[in-house]
Structures are given as C-alpha cells and as structure tokens.
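J.:
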Ligand SMILES: [Zn+2]
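Residue numbers (our numbering): 1 to 181.
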C-alpha cells in the first residue's frame, strides 16, 4: 500500500469512528458497591426479599443494599452517573420506596440508551443472617426487574470472618458487576 492510500484509509477510519463513537465499544461493564448500617426496628430487605432478622438496614428507601449495588453497576456501565443522582435521598418521594421500583426504572433507562443487559454477578457481605434460603427468591426478583432470565443473575454471599464493621454485625455490604451490550 502506498502512503496516499494509507492516508486515505486512516482518514476515513477516523471519520467513521467519530460518527460512531457511542457505538464504538459494543460491550460495556459497570461496577456497583454499597453498605448500609443494621439497626433495630427496621425490616431487612435484600434483593427485594424480606428476611426475618432482629435488625434491618437503615436508609431513606427500603435500604436494599444489594439492589443499590446493582443500580450503580448498571448506571456505571451505561455512563449514566449513580443512584444518588437519579433518586436523591433528600426527596420525600423516595422515602421507604421499594428499591425494586428504582431498579426497574434504571433498567428502562439503560434500555432507553440502546443497551441490552447480558448478565449480573453480585456478592452480599454479611455476618448474619444466612442468605442461602433466600437466594432463589432474590435471583427471581432481580431477573423480573431487569427483564432478563434468572440464569443471567448470580447472587453470592460471604462473611468477612468476623473482621471490620460488617464482621461485627454493624452493617451489610454488597457488590455487583454487570455486562451490557
Ligand atoms: Zn444504598
């Protein structure tokens, strides 16, 4: 290839990329992380499932820490900021709201930008209670809110071996990674 032809292709490749910059990266990933404090007198809701427990998570909404991590991962992948930007905790509209409602709205926003949600993987960090018996129900709730198959949703749980604020039972944390296309 001579230099003029090389220049020609380089120039048009650049023009093409400029015009298609939004679509240039077909797959995008996002990460979400959240922690809430455990207090007496609140319901414990994780992944949209109510779990019998002495204490529940403190927050403006239902404080569903797992769903908040999923929301932030999705917003991050789509380049849409974070959950606090869209649903400020100073707005009385969101007081005690089910976080599943927020997740459904965020899933619609992500689809509205032309993306489809491929899979999500999550971890709950909690010393107690045991998550195992509720895992299937959480997976189902997340899959319905995201309008994807439960096979594309994974929910894991781990303790922190008694270490730190989570290990001492003062709070519950969650992380999520998502792939959109
Ligand atoms: Zn939160």
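A virtual CB, placed ideally from N, CA and C, is assigned to each residue, including glycine.
Whether or not the region 44 to 56 and the region 85 to 94 are in contact is what I'm after, with contact meaning three or more pairs of Cβ atoms, one per stretch, closer than 8 angstroms; do they touch?
T.: no
J.: Mind listing which residues have their beta carbon within less than 5 angstroms of any non-hydrogen atom of ligand 1? Chain order is fine.
T.: 34 and 68
J.: Measuring alpha carbon to alpha carbon, tell me which residue in 152, 40 and 39 is nearest residue 119.
T.: Position 119 of the chain shown holds residue 119. For the residues 152, 40 and 39, the minimum Cα distance to residue 119 belongs to 152.
J.: What do you reckon, are the CB atoms on residue 49 and residue 175 nearer than 8 angstroms?
T.: Numbered from its first residue, the chain shown carries residue 49 at position 49. Numbered from its first residue, the chain shown carries residue 175 at position 175. For residue 49 and residue 175, no; Cβs fall outside 8 angstroms.
J.: Any idea which residues DSSP pairs residue 36 with across the strands?
T.: Locating residue 36 in the chain shown gives position 36, counting from the first residue. Per DSSP, 172.
J.: Label residue 127 either buried or exposed according to how many other C-beta atoms from any shown protein chain fall within 10 Å of its C-beta, with 16 as the threshold for buried.
T.: Mapped onto the chain shown, residue 127 falls at position 127. Answer is buried; the Cβ neighbour count reaches 16.
J.: Can you tell me which of the three DSSP states residue 166 falls into?
T.: Residue numbering aside, residue 166 sits at position 166 when the chain shown is read from its first letter. The answer is helix: DSSP assigns residue 166 an H, G or I state.
J.: Which runs of the beta strand (DSSP E), 3 residues or longer, sit entirely within the region 44 to 93?
T.: 44 to 46, 49 to 51 and 55 to 57
J.: Based on DSSP bridge pairs, tell me the residues matched to residue 121.
T.: Within the chain shown, residue 121 is the residue found at index 121, counting from 1. Partner(s): 154 and 177.
J.: In terms of residues, what are the limits of the alpha helix (DSSP H) holding residue 112?
T.: One-based indexing of the chain shown puts residue 112 at position 112. Run containing residue 112: 99 to 112, per the alpha helix (DSSP H) assignment.
J.: Roughly how many angstroms lie between the CA atoms of residue 52 and residue 39, to the nearest whole one?
T.: Working through the chain shown from its first residue, we reach residue 52 at position 52. Working through the chain shown from its first residue, we reach residue 39 at position 39. Those two C-alpha atoms are separated by around 14 angstroms.
J.: Excluding five sequence neighbours on each side, which residues of the same chain lie with their C-beta closer than 7 angstroms to the C-beta of residue 104?
T.: Within the chain shown, the letter at position 104 stands for residue 104. In chain order, 145 place their CB closer than 7 angstroms to the CB of residue 104, counting only its own chain and leaving out the 5 sequence neighbours on each side.
J.: Considering just the uninterrupted stretch of the alpha helix (DSSP H) at residue 139, what are its terminal residues?
T.: What you label residue 139 is simply residue 139 of the chain shown in a count that begins at 1. It spans 135 to 146 - the alpha helix (DSSP H) in which residue 139 sits, taken as one unbroken run.
J.: On a CA-only basis, which of 149, 67, 83 and 46 is nearest residue 134? Give me that one, please.
T.: Taking the first residue of the chain shown as 1, we reach residue 134 at position 134. Checking every option, the nearest Cα to that of residue 134 belongs to 46.
J.: Can you tell me which of the three DSSP states residue 194 falls into?
T.: Any question about residue 194 goes unanswered here, given that the chain covers just 1 to 181.
J.: Pick out whichever of 74, 125, 82 and 26 has its Cα sitting closest to the Cα of residue 161.
T.: In the chain shown, counting from the first residue as 1, residue 161 sits at position 161. Among 74, 125, 82 and 26, the Cα nearest to that of residue 161 belongs to 125.
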